[in-house]
Amino acid sequence: MVLISRRSALKAGCAATALFLPSPYAWVWAQSEGAMKLLRLPKLALVIGNSRYRNAPPLGNPGNDAKAISEALRQSGFDVTVKLDATRDDMAAAIKAHVQSLAAKKAVGLFYFAGHGVQLAWRNYLIPVDAAVRKMEDIQTACVDLTSLIEGINKASNPMNVVILDGCRENPFGGDIRIENRGLSQIDAPHSTLLAYATAPGNVASDGESDNGLYTENLLREMKTPEAKIEDIFKRVRLNVRRRTNGQQIPWESTSLEEDFYFVPPKELKKLSEAEAEREFEVELALWEKIESLAVPKLLEDYLRRYPSGKFSEAAQLQLDRALLMQGEKKIMVVSDAKNPYSKGSGITDTRFKVGDSYTYGRSDMITKADEGGYTETITVITDTTVIYDSALVTDLLGNRLRGRRNVTGNQAMPLDFAVGKRWSSRYVMPPGRGAAAGGGRGNASVDMDFRIVTRESVTVPAGTFNAFHIRGHGWSTSGRGSTMLETTVNIWHAPGQVRRPVIVEHFRRAGRNVSRSNREELVAFKES
1 MVLISRRSAL
11 KAGCAATALF
21 LPSPYAWVWA
31 QSEGAMKLLR
41 LPKLALVIGN
51 SRYRNAPPLG
61 NPGNDAKAIS
71 EALRQSGFDV
81 TVKLDATRDD
91 MAAAIKAHVQ
101 SLAAKKAVGL
111 FYFAGHGVQL
121 AWRNYLIPVD
131 AAVRKMEDIQ
141 TACVDLTSLI
151 EGINKASNPM
161 NVVILDGCRE
171 NPFGGDIRIE
181 NRGLSQIDAP
191 HSTLLAYATA
201 PGNVASDGES
211 DNGLYTENLL
221 REMKTPEAKI
231 EDIFKRVRLN
241 VRRRTNGQQI
251 PWESTSLEED
261 FYFVPPKELK
271 KLSEAEAERE
281 FEVELALWEK
291 IESLAVPKLL
301 EDYLRRYPSG
311 KFSEAAQLQL
321 DRALLMQGEK
331 KIMVVSDAKN
341 PYSKGSGITD
351 TRFKVGDSYT
361 YGRSDMITKA
371 DEGGYTETIT
381 VITDTTVIYD
391 SALVTDLLGN
401 RLRGRRNVTG
411 NQAMPLDFAV
421 GKRWSSRYVM
431 PPGRGAAAGG
441 GRGNASVDMD
451 FRIVTRESVT
461 VPAGTFNAFH
471 IRGHGWSTSG
481 RGSTMLETTV
491 NIWHAPGQVR
501 RPVIVEHFRR
511 AGRNVSRSNR
521 EELVAFKES
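For the sequence shown, our numbering assigns the number 1 to the initial residue and increments by one for each residue that follows.
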């Protein structure tokens with residue numbers, strides 16, 4: 001069974017309140033049963049495995065990978081078309097037929113390719129077995145542009161697509177043709193699509209030495225996990241492949257999915273009560289508190305495999321990165337180019353805070369536009385896991401607030417890495433405070449939030465102009481007494497690589513029509529060493 005929290009259940013029952021929010025917030029009102037609707041739709045897959053290249057080095061695994069993936073998909077209810085050692089004409093015809101079927105049946109679609117692939121001018125090309133490439137210009141005419149598939153599924157307007165590319169290998173054309181960039185280029189997933197690469201953009205993966213490639217071997221295993229959400233599947237694959245290669249191959253995904261999807265679906269839908277959600281959170285919290293300061297890779301890995309989308313998964317990833325770096329891992333990184341027209345790019349949180357760094361913010365009311373003054377906070381102490389300011393503010397290394405006017409347990413508003421479409425959740429607890437915004441004054445207030453990076457855009461504030469990722473969060477909190485439901489919306493603009501703390505933060509909170517918080521904070525000035 002799949003468990004739906006009170007927060008998700010309320011989304012369906014309280015959709016009318018969306019009328020009082022700006023139109024960009026519409027995405028939060030997706031119905032909790034959306035995943036089950038997807039599972040009832042037809043499911044179509046096109047699987048291509050190219051091994052026996054005529055003018056490039058043959059590959060050992062793509063044929064086996066394609067056959068194994070096809071069988072796993074059939075077991076999951078997909079109608080599968082398989083093409084082995086396909087020519088350019090074969091691939092083009094198969095892709096055309098696939099997108100036509102998706103459009104006609106409004107089916108869930110999946111495309112899998114194993115074989116050689118290259119990038120040229122930020123476009124990705126899948127190489128058919130008959131490709132004869134003697135000069136760079138031949139790539140466009142002899143290979144299959146992935147754009148044809150992306151444009152096809154956009155036009156098909158089917159509810160959901162998964163595109164899996166295990167084609168990130170070394171230059172198949174040898175030294176005669178110089179490929180400027182290795183592997184495949186970063187592309188942002190089109191609407192309602194998960195786009196998965198066997199390794200990070202701009203990097204390459206080995207063909208492997210067993211019957212299946214390392215990436216597909218792990219994908220096959222995780223696909224068979226009962227009730228595993230699709231994004232959790234790929235997160236576990238990423239962790240497993242990273243550890244097997246000591247960081248030299250790290251799978252990558254871009255997603256714009258708005259619903260969960262399962263290869264082995266739950267048998268029933270059950271609403272999780274507030275008490276049950278709290279108990280589950282307490283179990284996860286207890287585990288996290290045992291391991292968060294130990295910096296032991298195995299313990300962090302076990303947590304991430306158990307809770308790949310957990311309430312502390314971003315902090316766990318950071319701790320794992322730091323622990324593995326100390327053990328000598330030289331992790332590859334996504335090659336992100338600002339000139340790439342097919343992607344907003346990616347970023348990673350800069351955790352290199354220094355004592356003396358300071359940040360000044362101005363504050364205003366979003367409704368009345370009234371100036372509410374400002375404040376400056378300066379870092380005074382940095383520990384292995386926290387950053388402490390002279391204002392008594394304490395954050396973790398990602399910038400998540402842990403202590404200020406009130407203590408917070410489990411806050412995860414800031415991610416480790418940034419890419420448009422990324423989503424995560426947070427459940428945190430605040431002890432008693434004063435006022436409606438603080439939760440009512442008696443007992444702990446619990447907050448459930450869902451976050452998503454909706455875009456990357458240029459924003460200008462008094463501190464300057466920044467190329468910032470826009471994080472949007474929406475959720476619900478209980479008062480300390482548990483009787484008042486507060487709807488909370490958060491918008492955060494963060495510009496990793498330019499400044500370590502957010503550029504803009506907006507909070508909007510209300511109970512029904514009664515607004516208890518509506519403020520916007522803008523970065524006025526900052527000093528970082």
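Glycine is no exception: its CB is placed at the ideal position from the N, C-alpha and C atoms.
Source: prediction; values computed, not measured.
Here L220 is not bridged, per DSSP, to any residue.
Taking C-beta separations shorter than 6 angstroms and ignoring five residues to either side along the sequence, the partners of T216 in its chain run D65, D166, following chain order.
With respect to the 7 angstroms criterion, D448 and R427 are classified as neighbours on the basis of their beta carbons. A direct Cα-to-Cα measurement between E268 and Q412 gives close to 29 angstroms.
Contact between L38 and M160 holds: CB atoms are separated by about 6 angstroms, below the 8 angstroms threshold.
If only complete runs of 3 or more residues are kept, the stretch 86-149 shows the beta strand (DSSP E) at 108-114, 117-120, 123-126, in order along the chain.
Straight-line spacing of the CA atoms in G213 and L59 works out to 10 angstroms.
DSSP places Y303 inside the alpha helix (DSSP H), whose first and last residues are 297-306. E522 counts as buried, since no fewer than 16 other beta carbons sit within 10 angstroms of its beta carbon. Taking a contact as a CB-CB distance under 8 angstroms, the pair F526 and A445 does not count as one, their CB atoms being some 31 angstroms apart. Taking 7 angstroms as the cut-off, the Cβ atoms of P201 and A56 do not count as close. Counting C-beta atoms within 10 angstroms of its own C-beta, G328 has fewer than 16 neighbours from the protein chains shown and is therefore classed as exposed.
For K229, the pairing in a beta bridge is given by DSSP as Y262. Y389 places its beta carbon 7 angstroms or farther from that of E372. According to the DSSP assignment, A286 belongs to the alpha helix (DSSP H) that extends over 274-291. Counting only runs of 3+ residues, the beta strand (DSSP E) found wholly inside the stretch 474-513 occupies 485-494, 504-511, in chain order.
Only buried fits N158, as 16 or more other CB atoms lie within 10 angstroms of its CB.
Straight through space, the alpha carbons of G49 and I127 are spaced by roughly 11 angstroms. DSSP lists T455, W493 as the beta-bridge partner residues of H470.
In the structure shown, M326 adopts helical secondary structure according to DSSP, grouped into three states. Here the alpha carbon of K422 sits roughly 17 angstroms from the alpha carbon of T489.
Exposed is the label assigned to I367, since fewer than 16 other Cβ atoms lie within 10 Å of its Cβ. For L73, the uninterrupted alpha helix (DSSP H) segment begins and ends at 62-75. According to DSSP, residue pairing for D448 in a beta bridge involves R427, W476. Within the stretch 182-208, no run of alpha helix (DSSP H) reaches 4 residues while sitting entirely inside it. Taking a contact to require three or more Cβ pairs closer than 8 angstroms, the stretch 179-197 and the stretch 246-256 qualify as touching. Leaving aside the five residues that flank N340 on each side, the residues in its chain whose CB is nearer than 7 angstroms to its CB run, in chain order, W122, S185, Q186. Exposure of M326 is indicated by the presence of fewer than 16 other C-beta atoms within 10 angstroms of its C-beta.
Counted as a single uninterrupted DSSP element, the alpha helix (DSSP H) harbouring M36 occupies residues 34-40. For R517, the beta-bridge partners assigned by DSSP are R509. Rounded to the nearest whole angstrom, the C-alpha separation of E259 and V355 is 42 angstroms. Beta-bridge pairing by DSSP links G374 to G362.
Only exposed fits A286, as fewer than 16 other CB atoms lie within 10 angstroms of its CB. The three-state secondary structure of N240, taken from DSSP, is helix.
DSSP places N161 within a strand segment (E or B) once states are collapsed to three.
Scanning its chain for C-beta atoms nearer than 8 angstroms, with the 5 sequence neighbours on each side dropped, one finds around A86 the residues I48, N50, A94, P128, V129, in chain order.
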